[in-house]
Amino acid sequence: MKEIEKMGYLDGKGIPFSRADEKSDKKATREKKLKINKRACTKCMICYALCPEGAIQIKGGYPDIDYKKCNACFICLRECPDAAIEEISD
Ligand code: SF4
Ligand code: SF4
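Under the working numbering, the first residue of the sequence shown carries the number 1203, and numbering increases by one thereafter.
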């Protein structure tokens, strides 16, 4: 948890900044997108199972993020066992 705080995803109470309010959710989604690295992905589908917004679908056997649904909570990025989810800039 401390490491994630250091990375800037959580505030001092363990709450993701992207969840602070609805407006910042949308801003964070626009400014920080996540991308699946298919070379690293082992298709475990943990990200698919954990996404609270149902924003991860399966396309061609790989997870695929629907940015319209994604709220940038970064749960998938944190929980991917193979570090196959990467943050990219718009
Ligand atoms: S959690 Fe990571 S390795 Fe597993 S399916 Fe998702 S991106 Fe691929
Ligand atoms: S960042 Fe959160 S909402 Fe977006 S795809 Fe990952 S788990 Fe789902």
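For each residue, glycine too, the CB sits at the ideal point set by N, CA and C.
Beta-bridge partners assigned by DSSP to K1261: Y1264. In the DSSP assignment, E1281 falls within the alpha helix (DSSP H) that extends over 1277 to 1281.
The beta carbon of E1255 sits closer than 7 Å to the beta carbons of K1271, C1272, N1273 from its chain, once the five residues preceding and following it are set aside; these are given in chain order. Judged by their CB atoms, D1284 and C1253 are not nearer to each other than the 9 Å cut-off. Going by DSSP, A1242 is part of no alpha helix (DSSP H) at all; its letter is neither H nor E. Within its own chain, the residues whose Cβ lies closer than 7 Å to the Cβ of A1286, once the five positions on either side in sequence are excluded, are I1238, N1239, A1242, C1243, listed in chain order. According to the DSSP assignment, E1255 belongs to no beta strand (DSSP E), since it is labelled neither H nor E.
A distance of 9 Å or more separates the beta carbons of I1290 and K1245.
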